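Enquirer:
Numbering (mature numbering (1 follows the signal peptide of the UniProt record, and there is no 0)), first residue to last: -19 to -1, 1 to 153.
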């Protein structure tokens, strides 16, 4: 049922983009609050909260309801870029940078408008898509080390064939 709903959401997105503008990068029709589900693990993008205390870490975790730490408000800029605000913490999905150098770490960080907090939908295919960071060009990736699932969500070189870089948007 979730995949059918996700397919319908992405189908409407695709129709809206084609009908509204020739630019396939536009995600304006997807503004709202969504859960992002990894296509490989079926886990939700989740800002970690340990013992009720906010943590900056972003992970792939078993989907829960209502799970506001798994809900992300999509805000578009009108030029195809999106930033994601966690509903529970009000912090942005952010690729960490150390001394101006891209880090693989993806965190929830106070929204500041920096390019490492903006993402684009790429590799659209049916109901799935990848999220590419506009500053580094790397994609949101649930880590799989040696074929073993890891909770870590990182930024990694985009590869449209990797299911761990594919996400599905579910309306909340």
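Glycine included, each C-beta is placed from N, C-alpha and C at the ideal position.
Since the model is a prediction, treat every value here as computed from it, not as a measurement.
Taking C-beta to C-beta, are residue 39 and residue 24 nearer than 8 Å?
Expert: Here the question's residue 39 lines up with position 58 in the chain shown. Here the question's residue 24 lines up with position 43 in the chain shown. Going by C-beta atoms, residue 39 is not nearer than 8 Å to residue 24.
Enquirer: Would DSSP call residue 52 helix, strand or coil?
Expert: Position 71 of the chain shown holds residue 52. In the three-state reduction of the DSSP assignment, residue 52 falls in the coil class.
Enquirer: For residue 114, does the three-state DSSP call read helix, strand or coil?
Expert: On the chain shown, residue 114 is found 133 positions in, with the first residue counted as 1. Strand, per DSSP.
Enquirer: Which whole runs of the beta strand (DSSP E) in the segment 85 to 111 are 3 residues long or more, in chain order?
Expert: 100 to 106
Enquirer: Which same chain residues end up closer than 6 Å to residue 131 when comparing Cβ atoms and leaving out the 5 residues on each side of it in sequence?
Expert: Here residue 131 refers to the residue found at position 150 when the chain shown is read from its first residue. Excluding sequence neighbours, residue 131 sits near 124.
Enquirer: Is residue 28 helix, strand or coil by DSSP?
Expert: Mapped onto the chain shown, residue 28 falls at position 47. If DSSP states are grouped into helix, strand and coil, residue 28 belongs with the strands.
Enquirer: CA-CA distance, residue 27 and residue 95?
Expert: Taking the chain shown and counting its residues from 1, the one referred to as residue 27 is at position 46. Taking the chain shown and counting its residues from 1, the one referred to as residue 95 is at position 114. Roughly 21 Å between the two C-alpha positions.
Enquirer: Measure how close the beta-carbons of residue 88 and residue 54 come, nearest whole angstrom, since I'm counting them as under 8 Å.
Expert: Translated into the one-based positions of the chain shown, residue 88 becomes position 107. Translated into the one-based positions of the chain shown, residue 54 becomes position 73. In this structure residue 88 is not in contact with residue 54, their Cβ atoms being roughly 17 Å apart against a cut-off of 8 Å.
Enquirer: Determine the direct distance from the alpha carbon of residue 50 to that of residue 67, and round the result to whole angstroms.
Expert: Within the chain shown, the letter at position 86 stands for residue 67. Within the chain shown, the letter at position 69 stands for residue 50. Spanning the two alpha carbons is a distance of roughly 6 Å.
Enquirer: Do we get a CB-CB distance below 8 Å when we pair residue 24 with the residues of chain C?
Expert: Protein chains in the displayed structure number just one, and chain C is not present.
Enquirer: I need the DSSP call for residue 46, collapsed to helix, strand or coil.
Expert: Translated into positions along the chain shown, residue 46 becomes position 65. Under the three-state reduction of DSSP output, residue 46 falls in the coil class, being neither helix nor strand.
Enquirer: In three-state DSSP terms, what is residue 71?
Expert: On the chain shown, position 90 is the one that residue 71 refers to. Residue 71 falls in the coil class under three-state DSSP.
Enquirer: Note down the Cα distance separating residue 122 from residue 140, rounded to an integer number of angstroms.
Expert: Position 141 of the chain shown holds residue 122. Position 159 of the chain shown holds residue 140. If you take the alpha carbons of residue 122 and residue 140, they lie about 10 Å apart.
Enquirer: Alpha carbon to alpha carbon, what distance is there between residue 126 and residue 57?
Expert: The count along the chain shown starts at 1 and reaches residue 57 at position 76. The count along the chain shown starts at 1 and reaches residue 126 at position 145. Their backbone Cα atoms lie some 33 Å apart in a straight line.
Enquirer: Over what stretch of residues does the beta strand (DSSP E) that includes residue 123 continue unbroken?
Expert: Residue mapping note: residue 123 aligns to position 142 of the chain shown, counting from 1. Counted as a single uninterrupted DSSP element, the beta strand (DSSP E) harbouring residue 123 occupies residues 120 to 126.
Enquirer: Can you name, in chain order, every residue of its own chain whose Cβ lies under 7 Å from the Cβ of residue 19, other than the five neighbours on each side?
Expert: On the chain shown, position 38 is the one that residue 19 refers to. Result list for residue 19: 41, 123, 145, 148, in chain order.
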